[in-house]
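Per the UniProt record's numbering, residue 1 is the first one in the sequence shown, and the count goes up by one each step. For glycine and all other residues, C-beta sits at the position ideal for the given N, C-alpha and C. A quick note: this is a predicted structure, and the numbers were derived from the prediction, not measured. What follows is one structure encoded as structure tokens, with my remarks underneath.
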Amino acid sequence: MVTLKDIARECKVSFSTVSKALKGSPEISHETTEFVQKKARELGYHPNFAARTLRTNKTYDIGLIFEEKTGVGLQHEYFASVISGIQKVAFQKGYDITFVGGNSLQNYDYFSHALARNYDGVAILSCDFDSQGIVDLLKSDVPVVTLDYYFDSKHSAVLSDSAAGVKELTEYVISMGHTKIAFVHGEDTWVTQQRVGAFKKTCKEHGIKIPEEYFLEVLYHDADGCAEATKKLLSLPEAPTCIFYPDDYASLGGMRALSRLHLTLGKDISIVGYDGINLTSMMIPPLTTYEQNGKLIGKAMADALFDQIEKGSQFTPKKEFIDGRVLKGGTVAKLK
């Protein structure tokens, strides 16, 4: 079996340099890292994870909790980009990621699971934060970072600034002359509350009163639900001129309903989404939406989690907001 000492001897560098280069440590130059990793491949080196676990008392495994209700799973493009950002940092540090969750694990005991698997840390992307298993996990000594949910000052949280995003989108729609604006939002979560609150506040600041029937709830990522909500909104005696959807994928259902009514986007009716996924950017016209920087969010989550794993009780929790940007697209008409 090829060892780190064998690689160090072949490369004529120290054992420490080889160890750091194989982990992709920034302490080692790019050229040396490439040279050492290439030599390791040539020699047929394979890391002994069992030995490393015994030596360090770590499993080098991160649990990633991702629950969602529509069954789409990792096909959700926004969450896929967040996971990609987490993976990149984890792999650079020599850690694996284990996915836990799905639409069938409601009320699952995540705390007991984390203890049984001995995760070095857990990243929570989406779940029922009121479930006992999640509450117990957050109250434990297991390093945890959360996405779009702030539990307490002892834990790090990374948040996409949903309130700022919806405010920017609403300001843009109003600047285009719209006052009859409907808001189709996701299920009741902290994120949803932030978005609805920002929408109502921005409209109020512009003297725009939004009737209650303009607010409808569907599940996030639910295209069929948005199709039904769209038909309901357009059947009102005074239909909206613009419809907000909870996310870009869900907006596809609304577009389907509008197409069947022979309405042209950006002309007969206006719509906006949220997330900024690639799929809707390639439409004609492209969807007007708010782009969340998923990979940057994922990187920030990973950095926060590894900060706690590596520093232990000396780490400083942080609450970090990641900004996005409005993509104006072409689905919001300019009203005279």
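Contacting residues, own chain, Cβ-Cβ under 8 Å from residue i (five flanking each side not counted)
{"i": "Y119", "result": "T59, D61, I62, G63, T98 and V142"}
{"i": "P286", "result": "T280, L327, G329, G330 and T331"}
{"i": "A8", "result": "S14, F15, T17 and V18"}
{"i": "T202", "result": "V166, K167, T170, E171 and I174"}
Start-to-end residues for the beta strand (DSSP E) that takes in residue i
{"i": "G121", "result": "G121 to S126"}
{"i": "Y290", "result": "T289 to E291"}
{"i": "D303", "result": "Not the beta strand (DSSP E): D303 falls in the alpha helix (DSSP H), residues G294 to K311."}
{"i": "D6", "result": "That residue, D6, is in no beta strand (DSSP E); its alpha helix (DSSP H) goes L4 to C11."}
{"i": "T98", "result": "D96 to G101"}
{"i": "residue 363", "result": "Any property of residue 363 remains undetermined from this structure, which presents the chain solely from 1 to 336."}
{"i": "F66", "result": "D61 to F66"}
{"i": "T146", "result": "V144 to L147"}
{"i": "F315", "result": "Premise fails: F315 is in no beta strand (DSSP E) and is neither H nor E."}
{"i": "L115", "result": "L115 -> not in any beta strand (DSSP E); alpha helix (DSSP H) instead, spanning Y110 to R117."}
{"i": "F244", "result": "C242 to F244"}
{"i": "V326", "result": "R325 to L327"}
Distance between beta carbons of residue j and residue i, contact taken as under 8 Å
{"i": "A157", "j": "V166", "result": "No, A157 and V166 are not in contact; Cβ-Cβ is about 19 Å, not under 8 Å."}
{"i": "W190", "j": "Y245", "result": "At roughly 19 Å, the Cβ-Cβ gap does not stay under 8 Å, so W190 and Y245 are not in contact."}
Backbone CA spacing between residue i and residue j [nearest angstrom]
{"i": "G298", "j": "L327", "result": "21 Å"}
{"i": "D268", "j": "H178", "result": "13 Å"}
{"i": "K93", "j": "K204", "result": "48 Å"}
{"i": "S175", "j": "I271", "result": "14 Å"}
{"i": "S126", "j": "F151", "result": "13 Å"}
{"i": "L54", "j": "F183", "result": "Residue placement at L54 is flagged as unreliable, the pLDDT there being 46, under the threshold of 50; a coordinate-derived value is accordingly withheld."}
{"i": "K209", "j": "T192", "result": "20 Å"}
{"i": "T289", "j": "G101", "result": "28 Å"}
{"i": "residue 337", "j": "L265", "result": "Outside the displayed range of the chain (1 to 336) lies residue 337, so it cannot be described from this structure."}
{"i": "E168", "j": "D136", "result": "37 Å"}
{"i": "A123", "j": "K318", "result": "14 Å"}
{"i": "P211", "j": "K231", "result": "17 Å"}
{"i": "M255", "j": "Y214", "result": "17 Å"}
{"i": "K12", "j": "M282", "result": "51 Å"}
{"i": "Q314", "j": "N278", "result": "40 Å"}
{"i": "S14", "j": "S25", "result": "15 Å"}
{"i": "E238", "j": "I181", "result": "11 Å"}
{"i": "K334", "j": "E171", "result": "13 Å"}
{"i": "G312", "j": "H30", "result": "29 Å"}
{"i": "V2", "j": "Y95", "result": "21 Å"}
{"i": "S153", "j": "T316", "result": "9 Å"}
{"i": "H113", "j": "A302", "result": "20 Å"}
7 Å Cβ shell around residue i - same chain, five flanking residues per side excluded
{"i": "Y108", "result": "G133"}
{"i": "Q292", "result": "Y78, S160, D275, G276 and G324"}
{"i": "L138", "result": "V144, F151 and H155"}
{"i": "D6", "result": "L43"}
{"i": "S84", "result": "K295 and G298"}
{"i": "A21", "result": "I28, T32, T33, V36 and Q37"}
{"i": "G321", "result": "Looking at the sequence shown, residue 321 is not Gly but Phe. L159 and D161, listed in sequence order."}
{"i": "F111", "result": "G133, D136, L137 and S140"}
{"i": "I243", "result": "A182, V184, T230, L233, G254 and I271"}
Run of the alpha helix (DSSP H) containing residue i, from where it starts to where it stops
{"i": "E228", "result": "A223 to L234"}
{"i": "L169", "result": "S162 to S175"}
{"i": "K271", "result": "One point to set straight first is that residue 271 is Ile, not Lys, in the sequence displayed. Element bounds for I271: not the alpha helix (DSSP H) but the beta strand (DSSP E), S270 to V272."}
{"i": "F215", "result": "Per DSSP, F215 belongs to no alpha helix (DSSP H); it is in the beta strand (DSSP E), F215 to E217."}
{"i": "F15", "result": "F15 to L22"}
{"i": "Y91", "result": "Correcting the residue type first, residue 91 is Phe in the shown sequence and not Tyr. From DSSP, the alpha helix (DSSP H) with F91 extends over E77 to Q92."}
Beta-carbon proximity list for residue i, same chain, < 6 Å, skipping 5 on both sides
{"i": "G121", "result": "I62, P143, L305 and I309"}
{"i": "L216", "result": "V184 and A229"}
{"i": "E187", "result": "L219"}
{"i": "K336", "result": "none"}
{"i": "Q194", "result": "S162 and A163"}
{"i": "V82", "result": "G294, I297 and G298"}
(message) Check whether the segment 241–250 and the segment 218–229 touch, using three or more Cβ-Cβ pairs below 8 Å as the test.
(response) Yes, since at least three Cβ pairs between the segment 241–250 and the segment 218–229 fall closer than 8 Å, the two stretches touch.
(request) Would you check if the segment 80–91 and the segment 297–316 touch, i.e. whether three or more CB-CB distances between them fall below 8 Å? (result) The segment 297–316 vs the segment 80–91: in contact.
(message) Contact between the segment 34–47 and the segment 253–263 is defined here as three or more beta-carbon pairs at a separation below 8 Å; is this criterion met?
(response) Counting Cβ pairs under 8 Å, fewer than three are found: no touch.
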